[in-house]
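Asks:
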Ligand code: AMP
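In the numbering used here, the protein residues as written are 3 to 189.
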């Protein structure tokens, strides 16, 4: 099974992606984690991505697309994967589709964990406090949320037009949302 999970910052997308990966034995690929690792390792990609990430901007498509396509071409991705944080733009979605089609593969389902914006801003503020994430100051978080909202709706429409989008109500406990996600995958 190959999945793309969508959700704005604070929607619980990463948590749900991890659980879902365990439940279905899928490789969990978070482009945010991959980019943070590249920054920490001081690779060329990391150095290029760093300035965008610290200012809450998207890393340019060509950098992220190359990184992700290379990763899903590796043997451990053959059993299926769940993409968390990618695609963030329609350009990324198209590049992914083209790459998969070239290998006679496809994305199966795209669950979209939906949470109202005011609840997201509350969650982001709380998380920034607990984790002390430098890229989660209220100003940066709000800007990321605004940027992400625009991009994510474009990506959601892309997958809706292919009949793959499944809206999942993201309000509730981790277990409740997981149960809804599983129902969406089964349906
Ligand atoms: P995340 O952990 O998913 O919130 O990602 C952290 C940061 O990494 C984002 O704010 C972006 O700067 C960058 N990033 C992660 N995934 C992507 C992507 N698919 N396209 C562009 N930038 C990304």
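The beta-carbon is built from N, C-alpha and C at its ideal position, and this holds for glycine as well.
#1: Quick one, are the C-beta atoms of residue 100 and residue 166 less than 8 angstroms apart?
#2: Compare the beta carbon distance of residue 34 and residue 63 with 8 angstroms and say whether it is the shorter of the two.
#3: For residue 151, which residues from the same chain have a beta carbon less than 7 angstroms from its beta carbon, with the 5 sequence-adjacent residues on both sides left out?
#4: Quick one: does the C-beta of residue 129 sit closer than 7 angstroms to a heavy atom of the ligand AMP?
#5: Give a single yes or no on whether residue 59 has its beta carbon closer than 7 angstroms to a heavy atom of the ligand AMP.
#6: For residue 10, which three-state DSSP category applies?
#7: Let me check you understand the geometry: is the CB of residue 32 closer than 7 angstroms to at least one non-hydrogen atom of the ligand AMP?
#8: Using only alpha-carbon positions, find the residue among 13, 142 and 83 that is nearest to residue 56.
#9: Comparing the CB of residue 117 with every heavy atom of the ligand AMP, is any distance shorter than 7 angstroms?
Replies: Considering the structure as presented:
#1: To locate residue 100, count along the chain shown from 1; it is residue 98. To locate residue 166, count along the chain shown from 1; it is residue 164. Cβ distance not < 8 angstroms, so residue 100 and residue 166 don't count as in contact.
#2: Walking along the chain shown from the start, residue 34 turns up at place 32. Walking along the chain shown from the start, residue 63 turns up at place 61. No Cβ-Cβ contact shorter than 8 angstroms links residue 34 with residue 63.
#3: Locating residue 151 in the chain shown gives position 149, where the first residue counts as 1. Excluding positions up to five away in sequence, the list reads 10.
#4: Indexing the chain shown from 1 puts residue 129 at position 127. No, the beta carbon of residue 129 sits no closer than 7 angstroms to any heavy atom of the ligand AMP.
#5: Stepping through the chain shown from its first residue, residue 59 is reached at position 57. Yes, the ligand AMP has a heavy atom inside 7 angstroms of this Cβ.
#6: On the chain shown, residue 10 is found 8 positions in, with the first residue counted as 1. In this structure, residue 10 counts as coil in the three-state DSSP scheme.
#7: Taking the chain shown and counting its residues from 1, one reaches residue 32 at position 30. Indeed, a heavy atom of the ligand AMP lies less than 7 angstroms from the Cβ.
#8: Here residue 56 corresponds to residue number 54 of the chain shown, with the count starting at 1. The candidate whose alpha carbon is nearest that of residue 56 is 142.
#9: As a working mapping, residue 117 is identified with position 115 in the chain shown. No; taking the cut-off as 7 angstroms, the Cβ of residue 117 has no heavy atom of the ligand AMP nearer than that.
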